[in-house]
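Number of protein chains: 2
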Amino acid sequence: MNKKTRVTSYDVAHAAGVSQSAVSRVYRPGVSVSKKTRDKVIKAAEDLGYKPNAIARMLINRSTGMVAVIISSRANVNFPEVLAQLNKHIAVKNKRVLLFTLDDADQLEMVMEQIFAYQVDGVIALTAHFEPDSVTQFAKHNIPVVLYNRELPDHSVSSVCCNHDQGLRMLIDILVSHHHQHFLIMAGPKDSDVARARLNGARNALLAHGFTDTTVIYGDYSYDSARECLSAYAQKNPLPTAIICSNDSMAIGAIDEIRQNLGLRVPEDISVVGFDGISASCWHSYQLTTVSQPTYFMTKAAVETLINLIENPEVPPETRYWPGKLIEGNSVAAAPRDDD
Amino acid sequence: MNKKTRVTSYDVAHAAGVSQSAVSRVYRPGVSVSKKTRDKVIKAAEDLGYKPNAIARMLINRSTGMVAVIISSRANVNFPEVLAQLNKHIAVKNKRVLLFTLDDADQLEMVMEQIFAYQVDGVIALTAHFEPDSVTQFAKHNIPVVLYNRELPDHSVSSVCCNHDQGLRMLIDILVSHHHQHFLIMAGPKDSDVARARLNGARNALLAHGFTDTTVIYGDYSYDSARECLSAYAQKNPLPTAIICSNDSMAIGAIDEIRQNLGLRVPEDISVVGFDGISASCWHSYQLTTVSQPTYFMTKAAVETLINLIENPEVPPETRYWPGKLIEGNSVAAAPRDDD
DNA sequence: ATAATAATTGCATTCGAAGTCATTTTTATG
DNA sequence: CATAAAAATGACTTCGAATGCAATTATTAT
């Protein structure tokens, strides 16, 4: 129990009267050890409080059992759930999460240094700041990478994404079926891939119905930004009958701004849709019509794709899309009678 | 760049025409190396793409630079923020977070095994499932531990806590100054320490004003649970004029239930207070009167306490309380005229 | 120029577990 | 009971960086 003396396999070997190899073998599954020595070793190990040192094991095995998870610190709001679920799926695969947060793109270089130094088995990235160049670097070091809700143009890295296009198509179909004709898109930050994907999804879906030029305003995914940018927009422009928000937080902000400062009703005067299916979206005051991401399946898929890549490095990069699930709340109604 | 050949210090040494020791010294700060060899080594290292192997370094240094963070998966809602901030403060101290989530108490044993195996430098625990026995085990392995928003009865482990008593006193003072006399406490899950601390804080604060027996109902910290337990309570009991909720999510649930199903107004008919200061608490539909935890300072304190403990193991356990900050929203009004 | 001192450098060892290989013990078979 | 086959065991080496120590080189003072 002394400060400096960790109990090692040698100590146990000595106490049990066997060799260090024997001790090691007891702790490796599927290796032949006689019951007699196994018992002796287990006994000695328990007496001394021996725990195999994973660090030493890593060194010889060349595998750390650690997966780096990179998240943007100002990420989308449903990230806690995503992180918790990723962690759970990773734990099931008998690996651990080494966590990295990224405030801005500048830190990526430093984080990558760390990741290389720690010799992680693989990387799951939930961050906007991830360039094709980063991919090359990870590839050079033979570290498998899976992107979450982010795909590279050339699909050179495995990705697991929510099908934003399909989700927005469902939302916009609903709006159109309610006779809406005047839309406003409230997009997320310009440097976010998810935001861009959703913006494109919205545009394409509108285009499919013949609406060619819809106005876009940009928030930063937050409630406050939604209120501010909608307020600024409303001061100089006629209001739409439907607002398509890139996430639920902004949709909720928009609803509050409409009700409190624009003096209108949701959904009677203006319909609002969001994206994500965060828990607040179904609170009584909002009852948002939105699309929820199948987080459970997506995180599971991300982990499984990564593990597969770790075990079979030759597997080519794969992009997996998961459909969102439409949640019909009470934030969409028939477009008010048009006066033009 | 071959699969099996990682670039090691020996490779660099060979390429630079120096010894492995020299290479090692270049990457250790504060060791004397001549500019000439340093340049040669740096050049060779860059050519080969050498990155020092942290695992090997850990083995000899007996320090992994990793801090285990244990969180309950069904934790309080402000945990993402706490986790992100903890991670940031830990990164500043040049350490990394190894993440563990706990679904229930049964998993603690397994998680502890992992923590010991990975030889982390310290542990920050944000979880209910942490018994005095666990403390003993960590102590036996000389692993410093800091609890976050949890204190042991005997204060044998360092803790950083929000001062729940003080926070609830402020909230209840406000309610009392608005002439409220009929209270209902909506507590969190019985197995949560934070919930228990807040319940006690509320009881004591009420006691200080002479209110001896206030009814308590129990939710599980979630919006839905608040609605359910309030609804059940309202069916058989007269309603209070003020509800003291153990967290903001439940307070919001209570408000929605009061407005939607009990047909009453907040704050005119019933006042509601929460605790935490989550972002939704200041949304227009709720404008909750609540107490926010000084997350920034608390996480910083937790990390600093831990680092101090790592560097000076003889430092005795310390409990640090941080005062919450009162946020006066619009969910408290004067008690309606009493008819009894 | 020479001695005295300081700064570099390389050799060899260490950290702790795992695996190879040769040797010994056990078990099965004729 | 002898022998072949199988199982168990220990000595030794490996993983990759860090460091004490001794040897070497560079610097400074005289």
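Protein sequences appear in the order of chains C and A. Under full-length UniProt numbering, the first residue of the first sequence is numbered 1, with each subsequent residue one higher. Under full-length UniProt numbering, the first residue of the second sequence is numbered 1, with each subsequent residue one higher. Every residue, glycine too, gets a C-beta built ideally from N, C-alpha and C.
Going straight from the alpha carbon of residue i to that of residue j, what length do you get?
{"i": "residue 95 of chain C", "j": "residue 126 of chain C", "result": "18 Å"}
{"i": "residue 132 of chain A", "j": "residue 98 of chain C", "result": "27 Å"}
{"i": "residue 89 of chain A", "j": "residue 303 of chain A", "result": "7 Å"}
{"i": "residue 4 of chain A", "j": "residue 142 of chain C", "result": "The predicted position of residue 4 of chain A is uncertain, since its pLDDT is 48 and thus under 50; a value taken from the coordinates is nonetheless stated next. Their backbone Cα atoms lie some 9 Å apart in a straight line."}
{"i": "residue 203 of chain C", "j": "residue 259 of chain C", "result": "26 Å"}
{"i": "residue 58 of chain A", "j": "residue 277 of chain C", "result": "43 Å"}
{"i": "residue 189 of chain A", "j": "residue 195 of chain A", "result": "6 Å"}
{"i": "residue 48 of chain A", "j": "residue 7 of chain A", "result": "7 Å"}
{"i": "residue 117 of chain C", "j": "residue 111 of chain C", "result": "10 Å"}
{"i": "residue 108 of chain A", "j": "residue 335 of chain C", "result": "54 Å"}
{"i": "residue 292 of chain A", "j": "residue 23 of chain C", "result": "53 Å"}
{"i": "residue 113 of chain A", "j": "residue 306 of chain C", "result": "25 Å"}
{"i": "residue 166 of chain C", "j": "residue 153 of chain A", "result": "54 Å"}
{"i": "residue 145 of chain C", "j": "residue 82 of chain C", "result": "17 Å"}
{"i": "residue 288 of chain A", "j": "residue 272 of chain A", "result": "7 Å"}
{"i": "residue 87 of chain C", "j": "residue 212 of chain A", "result": "45 Å"}
{"i": "residue 101 of chain C", "j": "residue 80 of chain A", "result": "12 Å"}
{"i": "residue 223 of chain C", "j": "residue 253 of chain C", "result": "4 Å"}
{"i": "residue 337 of chain C", "j": "residue 201 of chain A", "result": "55 Å"}
{"i": "residue 40 of chain A", "j": "residue 54 of chain A", "result": "22 Å"}
{"i": "residue 324 of chain A", "j": "residue 71 of chain A", "result": "22 Å"}
{"i": "residue 135 of chain A", "j": "residue 163 of chain A", "result": "23 Å"}
{"i": "residue 316 of chain C", "j": "residue 159 of chain C", "result": "11 Å"}
{"i": "residue 2 of chain A", "j": "residue 45 of chain A", "result": "Because the pLDDT at residue 2 of chain A is just 36, under 50, the model does not fix this residue reliably, and the value given afterwards should be weighed accordingly. Rounded to the nearest angstrom, the two C-alpha atoms are 16 Å apart."}
{"i": "residue 106 of chain A", "j": "residue 92 of chain C", "result": "15 Å"}
{"i": "residue 247 of chain A", "j": "residue 308 of chain C", "result": "42 Å"}
{"i": "residue 262 of chain C", "j": "residue 269 of chain C", "result": "11 Å"}
Which residues in chain C sit within 7 Å of residue i, going by Cβ to Cβ distance?
{"i": "residue 99 of chain A", "result": "87, 97, 99"}
{"i": "residue 256 of chain A", "result": "283, 284, 285"}
{"i": "residue 59 of chain A", "result": "55, 56, 59"}
{"i": "residue 80 of chain A", "result": "79, 80"}
Where does residue i fall in DSSP's three states?
{"i": "residue 325 of chain A", "result": "strand"}
{"i": "residue 38 of chain C", "result": "helix"}
{"i": "residue 296 of chain A", "result": "helix"}
{"i": "residue 143 of chain C", "result": "coil"}
{"i": "residue 57 of chain C", "result": "helix"}
{"i": "residue 275 of chain C", "result": "coil"}
{"i": "residue 130 of chain A", "result": "coil"}
{"i": "residue 270 of chain A", "result": "coil"}
{"i": "residue 123 of chain A", "result": "strand"}
{"i": "residue 118 of chain C", "result": "coil"}
{"i": "residue 7 of chain C", "result": "coil"}
{"i": "residue 309 of chain C", "result": "helix"}
{"i": "residue 48 of chain A", "result": "helix"}
{"i": "residue 241 of chain C", "result": "coil"}
{"i": "residue 340 of chain C", "result": "Low per-residue confidence applies at residue 340 of chain C: pLDDT is 46, beneath 50, and the placement is therefore not dependable, though the value from the model is reported in the following sentence. Residue 340 of chain C falls in the coil class under three-state DSSP."}
{"i": "residue 2 of chain A", "result": "Low per-residue confidence applies at residue 2 of chain A: pLDDT is 36, beneath 50, and the placement is therefore not dependable enough to give any value."}
{"i": "residue 99 of chain A", "result": "strand"}
{"i": "residue 28 of chain A", "result": "coil"}
{"i": "residue 135 of chain A", "result": "helix"}
{"i": "residue 23 of chain C", "result": "helix"}
{"i": "residue 265 of chain C", "result": "coil"}
{"i": "residue 33 of chain C", "result": "coil"}
Along chain C, in chain order, which residues have C-beta atoms closer than 8 Å to that of residue i?
{"i": "residue 175 of chain A", "result": "Simply none; closest approach about 23 Å."}
{"i": "residue 49 of chain A", "result": "140, 141"}
Give me the chain A residues within the contact set of residue i, using Cβ-Cβ distance strictly less than 7 Å, ordered along the chain.
{"i": "residue 52 of chain C", "result": "117"}
{"i": "residue 114 of chain C", "result": "96"}
{"i": "residue 64 of chain C", "result": "55"}
Along chain C, which residues have their Cβ under 9 Å away from the Cβ of residue i?
{"i": "residue 290 of chain A", "result": "Those do not exist, as residue 290 of chain A stays about 16 Å from chain C at its closest Cβ, beyond 9 Å."}
{"i": "residue 252 of chain A", "result": "280, 283, 285"}
Flag residue i as yes when its Cβ comes closer than 7 Å to any non-hydrogen atom of the ligand NAP, and as no otherwise.
{"i": "residue 71 of chain A", "result": "The ligand NAP is not among the ligands present in this structure, which contains no ligands whatsoever."}
**OP:** Please specify which runs of the alpha helix (DSSP H), each continuous and at least 4 residues long, are wholly inside the stretch 150 to 235 of chain C, giving them in chain order.
**Re:** Restricting attention to alpha helix (DSSP H) runs no shorter than 4 residues, the stretch 150 to 235 of chain C encloses them at 164 to 177, 193 to 208, ordered along the chain.
Original post:
In chain order, which continuous runs of the beta strand (DSSP E) of length 3 or greater are located wholly inside the stretch 63 to 96 of chain A?
Top reply: Within the stretch 63 to 96 of chain A, the runs of beta strand (DSSP E) that reach at least 3 residues and sit entirely inside it are, in chain order, 66 to 72.
Subject >> Contact list for the stretch 148 to 162 of chain A against chain C, Cβ threshold 8 Å >> reply: Those residues of the stretch 148 to 162 of chain A placed with their C-beta closer than 8 Å to a C-beta in chain C do not exist.
Original post:
Of all the residues that make up the stretch 214 to 239 of chain C, which are near chain A by a beta-carbon distance shorter than 7 Å?
Top reply: Here the close residues are 223.
Original post:
Residues in the stretch 260 to 281 of chain A with C-beta within 7 Å of chain C's C-beta atoms, listed in sequence order?
Top reply: Here the close residues are 260, 279, 280.
**OP:** Return the residues of the stretch 183 to 194 of chain C that lie within a Cβ-Cβ distance of less than 9 Å from chain A, sorted by chain order.
**Re:** Against chain A - using a Cβ distance shorter than 9 Å - the stretch 183 to 194 of chain C contributes no residues.
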